[in-house]
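First residue of the sequence shown: 55, per this note's numbering; consecutive thereafter.
For glycine and all other residues, C-beta sits at the position ideal for the given N, C-alpha and C.
Below: one structure, written as structure tokens.
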Amino acid sequence: MSNSLMPVAIWIVAEVAAVAWLLNAVRNDQRTMQWLAKPTASAIFVALGLMMADFSSAFDLWMVTGLILGMAGDLLLIERQTFRWGLLTFLAGHAAFIIAFNRAQPWPTWSPLVLLPVIIAAAAVTRWLWPHASSMQGAVLAYIVVISLMAWGGIALSISGALPIAAGIGATLFFLSDLAVARHRFVKAAFLNRAIGLPAYYAAQMLLALTIGAVH
Numbered sequence: 055m056s057n058s059l060m061p062v063a064i065w066i067v068a069e070v071a072a073v074a075w076l077l078n079a080v081r082n083d084q085r086t087m088q089w090l091a092k093p094t095a096s097a098i099f100v101a102l103g104l105m106m107a108d109f110s111s112a113f114d115l116w117m118v119t120g121l122i123l124g125m126a127g128d129l130l131l132i133e134r135q136t137f138r139w140g141l142l143t144f145l146a147g148h149a150a151f152i153i154a155f156n157r158a159q160p161w162p163t164w165s166p167l168v169l170l171p172v173i174i175a176a177a178a179v180t181r182w183l184w185p186h187a188s189s190m191q192g193a194v195l196a197y198i199v200v201i202s203l204m205a206w207g208g209i210a211l212s213i214s215g216a217l218p219i220a221a222g223i224g225a226t227l228f229f230l231s232d233l234a235v236a237r238h239r240f241v242k243a244a245f246l247n248r249a250i251g252l253p254a255y256y257a258a259q260m261l262l263a264l265t266i267g268a269v270h
């Protein structure tokens, strides 16, 4: 393995270990351990992003901003009473990623062929969640719109070659991880949601962090 890949491999191994620690804490409902494991797992993808970043690049700055907002959202989602603030923070993080993607390739040139399946998926998710969201229907709808725009950008730019394939995979995993969060919060709370959603989420953030440095 080359020296350039070695640090990335170390960050990935550290993230896998941190997510395993977090899942164990969630499964056993260990709140103190969750407050230790979740910030650790989130700090790893932020640190990777900072390591990859060239701060003279607007793309890198917006991507790092999105990662930091993701970490803040993670902490707000630990406790149920701050869920709304976590949702708002993640919405801001997705907006930062969208701005970054627009820097990589202006949004009017993103493939409409990618947008169509994203719209279909977003409509299906909205129909599924709408009866369960009650007073949060407006917030959920806004969030679905923003995460869908982010997914469209990540996938479209990977296909066009403006960004590495990691952007498309990361954006897709982010969308799927949010479905697990939504199911847990609005439909049926179960460890299975966390067992699927947390690994998908942290993989998504790591992949998005690895796109930093791709736009000069």
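Proximal residues to residue i (C-beta, below 6 Å), its chain only, five neighbours per side dropped
i	result
residue 42	Lying before the first or after the last residue shown, residue 42 is absent from the chain, which here runs from 55 to 270.
residue 151	120 and 204
residue 219	212
Burial state of residue i, where buried means 16 or more other Cβ atoms lie within 10 Å
i	result
residue 188	exposed
residue 270	exposed
residue 174	exposed
residue 244	exposed
residue 64	exposed
residue 239	buried
residue 237	buried
residue 264	buried
Range covered by the alpha helix (DSSP H) that runs through residue i
i	result
residue 212	191 to 214
residue 82	Segment: none, residue 82 is in no alpha helix (DSSP H) and carries neither H nor E.
residue 116	112 to 130
residue 152	137 to 158
residue 182	166 to 187
residue 252	245 to 264
residue 240	Run containing residue 240: none; DSSP gives neither H nor E here.
Close beta carbons around residue i, own chain, < 7 Å, minus the five adjacent residues each side
i	result
residue 100	121, 122 and 125
residue 69	95, 98, 99, 256 and 260
residue 229	201 and 205
residue 197	141 and 145
Alpha-carbon spacing of residue i relative to residue j, whole angstroms
i	j	result
residue 206	residue 192	21 Å
residue 247	residue 223	20 Å
residue 183	residue 171	18 Å
residue 67	residue 167	36 Å
residue 199	residue 176	7 Å
residue 82	residue 74	12 Å
residue 232	residue 86	24 Å
residue 109	residue 115	6 Å
residue 209	residue 153	15 Å
residue 78	residue 163	44 Å
Short CB-CB distance (under 8 Å) between residue i and chain B
i	result
residue 221	The displayed structure is made up of one protein chain only, and chain B is not part of it.
Contact belief for residue i with residue j at Cβ below 8 Å, rounded distance in angstroms
i	j	result
residue 266	residue 106	4 Å
residue 216	residue 159	4 Å
residue 127	residue 103	The pair is not a contact, with the Cβ atoms about 15 Å apart (cut-off 8 Å).
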